[in-house]
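These notes are about the structure you will find just below.
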Amino acid sequence: MRDFTPNEMMTIAASRALSNDDVCFVGIGAPSAACNVARLTHAPDITLIYESGTIGTAPEVLPLSIGDGELCETALTTVSVPEMFRYWLQGGRISIGFLGAAQLDRFGNINTTVIGDYHHPKVRLPGGGGAPEIATSCKEVFITMKQATRGMVEKIDFYTSFGHGEGGDHRKRLGIDTKGPTLLITDLALWKPDPETKEFTVVSLHPGVTREQVQETCGWKVRFAQDMDETPAPTELELTTLRDLQARTEQAHGGKRGV
Numbered sequence: 251m252r253d254f255t256p257n258e259m260m261t262i263a264a265s266r267a268l269s270n271d272d273v274c275f276v277g278i279g280a281p282s283a284a285c286n287v288a289r290l291t292h293a294p295d296i297t298l299i300y301e302s303g304t305i306g307t308a309p310e311v312l313p314l315s316i317g318d319g320e321l322c323e324t325a326l327t328t329v330s331v332p333e334m335f336r337y338w339l340q341g342g343r344i345s346i347g348f349l350g351a352a353q354l355d356r357f358g359n360i361n362t363t364v365i366g367d368y369h370h371p372k373v374r375l376p377g378g379g380g381a382p383e384i385a386t387s388c389k390e391v392f393i394t395m396k397q398a399t400r401g402m403v404e405k406i407d408f409y410t411s412f413g414h415g416e417g418g419d420h421r422k423r424l425g426i427d428t429k430g431p432t433l434l435i436t437d438l439a440l441w442k443p444d445p446e447t448k449e450f451t452v453v454s455l456h457p458g459v460t461r462e463q464v465q466e467t468c469g470w471k472v473r474f475a476q477d478m479d480e481t482p483a484p485t486e487l488e489l490t491t492l493r494d495l496q497a498r499t500e501q502a503h504g505g506k507r508g509v
């Protein structure tokens, strides 16, 4: 019997993708949890950067937003937002951009703007913030999201952050010389883009997950790698670190937000 949840598996699997030498531009929510678990376990020297201009931040609790005081108080330094984007991000100094998505297609294009027609949306989302620039200027991008047919769709309703566009060499044809999305971590599996088509392909199933479950929660026909792995289950250290971080966050924010 598993002693961890799918969301915990997703967060921990995402954290493992980060290394000690990474300079990571962190999104709020699941990306923030994953990056801080990495910092608190196998990558203590990772440099975490948030959109508000905080560099080398080491929060004790997860931030509610990029403007959370916890980020500035624990950062090595804080720079202006224009400097953050122009010098650090667009200057090519960020190795990993870590993003979430409301809608995602098979080529890693992200929608965080609207669900439905732009002028008459069913739901208006928070928008892109710095994500469009992160998606094109970071050396590579990791995406994390919970699998559901409403989120993983054949065609996104709005292009907020550019992934691999129509696939193939679309980024290159547009003059974008960064790698784009290189890893998708969901609560069921790990996905990587096909080297040629750039379509996300399942390379590892999380413990206990079947191909049928992955397909049932995805809005396009899923491609599976010929030699698939099983994602290693979370270790006791990883689970304890994540759960302690969640507990501190819950206590600090008074239940305003779950991780």
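At position 176 of the sequence shown (counting the first as 1) the number is 426 in the numbering used here, and the numbers step up by one without a gap. From the three backbone atoms N, C-alpha and C, an ideal C-beta is built for every residue, glycine too.
Local Cβ density within 10 Å of residue i, reported as buried at 16 or more and exposed below that
{"i": "E446", "result": "exposed"}
{"i": "L424", "result": "exposed"}
{"i": "E320", "result": "buried"}
{"i": "T460", "result": "exposed"}
{"i": "K448", "result": "buried"}
{"i": "A497", "result": "exposed"}
{"i": "R266", "result": "buried"}
{"i": "T327", "result": "exposed"}
{"i": "D477", "result": "exposed"}
Cβ separation of residue i and residue j, assumed to be a contact under 8 angstroms, to the nearest whole Å
{"i": "L492", "j": "T261", "result": "6 angstroms"}
{"i": "E390", "j": "T428", "result": "7 angstroms"}
{"i": "A284", "j": "S269", "result": "Not really, about 13 angstroms apart at Cβ, beyond 8 angstroms."}
{"i": "L489", "j": "F275", "result": "Wrong, their Cβ atoms sit about 26 angstroms apart, outside the cutoff."}
{"i": "S315", "j": "I278", "result": "6 angstroms"}
{"i": "I296", "j": "A288", "result": "6 angstroms"}
{"i": "I435", "j": "F392", "result": "7 angstroms"}
{"i": "V403", "j": "D355", "result": "6 angstroms"}
{"i": "T307", "j": "T324", "result": "5 angstroms"}
{"i": "N286", "j": "L495", "result": "6 angstroms"}
Close Cβ partners of residue i (< 8 angstroms) along its chain, the five nearest in sequence each way excluded
{"i": "Y368", "result": "D407 and F408"}
{"i": "L375", "result": "A352, N361, T362, T363, V364 and I365"}
{"i": "M251", "result": "Note that M251 scores 43 on pLDDT, short of 50, meaning its location in the model is unreliable and no value can be drawn from it."}
{"i": "G503", "result": "The sequence shown places His at residue 503, not Gly. So the qualifying residues of the chain are V311 and L314."}
{"i": "T481", "result": "M259, A263, A439, L440, S454, L455, H456 and P457"}
{"i": "Q463", "result": "L438"}
Close-in-space but distant-in-sequence residues of the same chain around residue i (CB under 6 angstroms, 5 per side omitted)
{"i": "N257", "result": "D437"}
{"i": "G508", "result": "Because the pLDDT at G508 is just 43, under 50, the model does not fix this residue reliably, and the value given afterwards should be weighed accordingly. So no residue of the chain qualifies."}
{"i": "V373", "result": "I365"}
{"i": "Q340", "result": "S387"}
{"i": "V273", "result": "T297, I344 and S345"}
{"i": "M334", "result": "G303"}
Sequence-distant residues of its chain with Cβ nearer than 7 angstroms to residue i (five each side left out)
{"i": "P431", "result": "G358, V391, I393, G413, H414 and P443"}
{"i": "P484", "result": "F254, E258, M259 and I262"}
{"i": "D479", "result": "V453 and S454"}
{"i": "Q501", "result": "none"}
{"i": "P371", "result": "V364 and I365"}
{"i": "P309", "result": "N286, E320, L321 and T324"}
heavy atom of the ligand ADP below 7 angstroms from residue i C-beta
{"i": "S411", "result": "As far as ligands go, the structure on display features none, and thus does not contain the ligand ADP."}
Start and end residues, beta strand (DSSP E) containing residue i
{"i": "C274", "result": "V273 to V276"}
{"i": "V453", "result": "F450 to L455"}
{"i": "I435", "result": "P431 to I435"}
N-terminal and C-terminal residue of the alpha helix (DSSP H) that residue i is part of
{"i": "R498", "result": "E486 to H503"}
{"i": "V287", "result": "A280 to L290"}
{"i": "I393", "result": "Looking at the DSSP string, I393 is not in any alpha helix (DSSP H); the run it does join, the beta strand (DSSP E), is E390 to T394."}
Three or more C-beta pairs below 8 angstroms linking the segment 447-463 and the segment 367-386: Segments in contact, no.
At least three beta-carbon pairs within less than 8 angstroms, the segment 334-352 to the segment 386-403: Segments in contact, yes.
Inter-stretch contact at 8 angstroms, needing at least 3 Cβ pairs: the segment 410-424 / the segment 453-471: A contact is defined here as three or more CB-CB pairs under 8 angstroms, and the segment 410-424 fails this definition with respect to the segment 453-471.
contact_flag[the segment 460-467, the segment 395-404] where n(CB pairs < 8 angstroms) is 3 or more: A contact is defined here as three or more CB-CB pairs under 8 angstroms, and the segment 460-467 meets this definition with respect to the segment 395-404.
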